[in-house]
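Chemist: Dropping the structure in here first, questions after.
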Ligand SMILES: Nc1ncnc2c1ncn2[C@@H]1O[C@H](COP(=O)(O)OP(=O)(O)OP(=O)(O)O)[C@@H](O)[C@H]1O
Ligand SMILES: [Mg+2]
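In this note's numbering, the protein residues as written are 18 to 235.
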């Protein structure tokens with residue numbers, strides 16, 4: 018589970034200090050699926066980055082699966098980050114690597130070596146069977162995003178953070194990707210937090226959190 022207690026984070030804006038996350042407290046139970054909504058600039062990506070250990074809070078505590086990550090040093094944070102699943106709007110596949118190697122990339126970085134059987138099964142779930150030796154540039158946007166999902170899931174995370182994963186896809190493809198993400202996370206008991214600007218996509222989630230003025234209204 019995830020707990021945020023009185024978390025603050027601000028950015029320097031010229032000479033002004035602007036508070037982005039303002040005394041935010043939040044509890045998320047294991048295997049929950051959450052849509053994170055909020056205006057552009059409201060701090061959604063900042064919040065994901067705090068949960069991913071890419072940013073550290075100025076004050077307050079962040080605990081993820083019993084680990085108090087807000088107290089981690091740089092080395093502990095680097096280790097923690099490897100185990101988190103992150104999916105981006107821009108898929109960030111590695112262009113010299115084929116689909117299979119892209120899918121295994123994060124897991125291998127983390128010392129895991131997915132078996133051929135495991136890779137094949139994941140590819141089938143993602144509708145990417147027959148595409149494992151293709152290069153990223155030969156894939157559609159939706160296919161590339163599914164490779165990104167495979168890359169995150171083969172690493173067996175307990176927490177998957179998705180930042181507008183369907184931002185570059187049409188409405189029908191977006192629905193498919195979100196349904197797939199939800200099913201796979203449910204199967205593997207992974208907490209899923211997905212940022213979206215689409216109320217229609219958010220409506221498919223059991224929980225919706227709205228970020229406004231640095232606070233959550235859920
Ligand atoms: N590296 C940075 N340096 C300074 N300010 C930043 C930086 N990154 C983000 N900000 C500011 O922090 C605020 C929150 O940004 P954030 O990216 O978290 O918003 P968001 O809710 O994800 O927006 P969007 O929906 O447009 O992606 C914004 O006002 C932004 O300008
Ligand atoms: Mg953002």
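In this text, a Cβ means the ideal position worked out from N, Cα and C, and glycines have one as well.
What's the C-alpha gap between residue 72 and residue 66?
Modeler: Taking the chain shown and counting its residues from 1, one reaches residue 72 at position 55. Taking the chain shown and counting its residues from 1, one reaches residue 66 at position 49. Rounded to the nearest angstrom, the two C-alpha atoms are 6 Å apart.
Chemist: Compare the Cα-Cα distances from residue 27 to each of 21, 36, 20 and report the closest residue.
Modeler: In the chain shown, the residue the question calls residue 27 occupies position 10. For residue 27, the closest alpha carbon among the candidates 21, 36, 20 is that of 36.
Chemist: Closer than 8 Å: is that where the CB of residue 232 sits relative to any heavy atom of ligand 1?
Modeler: The residue you call residue 232 lines up with position 215 of the chain shown. No, the beta carbon of residue 232 sits no closer than 8 Å to any heavy atom of ligand 1.
Chemist: Drop a sphere of 10 angstroms on the beta-carbon of residue 172, count the other beta-carbons inside from all chains shown, and report buried for 16 or more, exposed for fewer.
Modeler: Here residue 172 corresponds to residue number 155 of the chain shown, with the count starting at 1. Burial call: buried.
Chemist: In the DSSP assignment, what residue or residues form a beta bridge with residue 103?
Modeler: Start at 1 with the first residue of the chain shown, and residue 103 comes out as number 86. According to DSSP, which records beta bridges pairwise, residue 103 is partnered with 178.
Chemist: Hey, would you say residue 110 sits closer than 9 Å to residue 211, going by beta carbons?
Modeler: On the chain shown, position 93 is the one that residue 110 refers to. On the chain shown, position 194 is the one that residue 211 refers to. No, the Cβ-Cβ distance between residue 110 and residue 211 is not below 9 Å.
Chemist: According to DSSP, simplified to helix, strand and coil, what is residue 96?
Modeler: Counting from 1 along the chain shown, the entry for residue 96 is found at position 79. Note: residue 96 maps to helix in three-state DSSP.
Chemist: Return yes when at least one heavy atom of ligand 2 lies under 8 Å from the C-beta of residue 183, else no.
Modeler: For the purposes of this step, residue 183 is taken as the residue at position 166 of the chain shown. Not under cutoff, so the answer is no.
Chemist: On the criterion of 16 or more Cβ atoms from any shown chain inside 10 Å, does residue 216 qualify as buried, or is it exposed?
Modeler: Counting from one through the chain shown, the residue named residue 216 turns up at place 199. Residue 216 is exposed by the Cβ-count criterion.
Chemist: Under the criterion of a Cβ to heavy atom distance below 8 Å, does residue 107 qualify as lining ligand 1?
Modeler: Start at 1 with the first residue of the chain shown, and residue 107 comes out as number 90. No, since every heavy atom of ligand 1 falls outside the 8 Å radius drawn around the Cβ of residue 107.
Chemist: For residue 108, which beta-bridge partners are listed by DSSP?
Modeler: What you label residue 108 is simply residue 91 of the chain shown in a count that begins at 1. Paired residue(s): none; residue 108 is not in a bridge.
Chemist: For residue 82, which residues of its own chain have a beta-carbon under 6 Å away from its beta-carbon, when the five flanking residues on both sides are left out?
Modeler: Within the chain shown, the letter at position 65 stands for residue 82. Around residue 82: 175.
Chemist: Could you pull the DSSP bridge partners for residue 232 from this structure?
Modeler: Position 215 of the chain shown holds residue 232. Paired residues: 229.
Chemist: Residues in the same chain with beta-carbon distance under 6 Å from residue 152, minus the five sequence neighbours each way, listed in chain order, please.
Modeler: Looking up residue 152 in the chain shown gives position 135. Same-chain partners within the cutoff: 115.
Chemist: May I ask whether a heavy atom of ligand 1 can be found less than 8 Å away from the beta carbon of residue 159?
Modeler: For the purposes of this step, residue 159 is identified with residue 142 of the chain shown, where counting begins at 1. False, no ligand heavy atom lies under 8 Å from that Cβ.
Chemist: Please report the distance separating the alpha-carbon of residue 22 from that of residue 79.
Modeler: Here residue 22 refers to the residue found at position 5 when the chain shown is read from its first residue. Here residue 79 refers to the residue found at position 62 when the chain shown is read from its first residue. So the two alpha carbons sit approximately 6 Å from each other.
Chemist: Mind listing which residues have their beta carbon within less than 6 Å of any non-hydrogen atom of ligand 1? Chain order is fine.
Modeler: Those satisfying the condition are, in chain order, 28, 37, 55, 57, 58, 59, 60, 61, 62, 63.
Chemist: Residue 192 by DSSP, collapsed to three states: which one?
Modeler: As a first step, residue 192 is located in the chain shown; it is residue number 175 there, counting from the start. Three-state result, residue 192: helix.
Chemist: Whether or not the region 131 to 141 and the region 154 to 161 are in contact is what I'm after, with contact meaning three or more pairs of Cβ atoms, one per stretch, closer than 8 Å; do they touch?
Modeler: Touching, no.
Chemist: For the region 180 to 189 and the region 93 to 105, state whether three or more C-beta atom pairs, one from each stretch, are separated by less than 8 Å.
Modeler: yes
Chemist: Which residues share a DSSP beta bridge with residue 26?
Modeler: Locating residue 26 in the chain shown gives position 9, where the first residue counts as 1. Paired residues: 38.
Chemist: Buried or exposed: residue 139, going by 16 or more other Cβ atoms within 10 Å of its Cβ?
Modeler: As a working mapping, residue 139 is identified with position 122 in the chain shown. Answer is buried; the Cβ neighbour count reaches 16.
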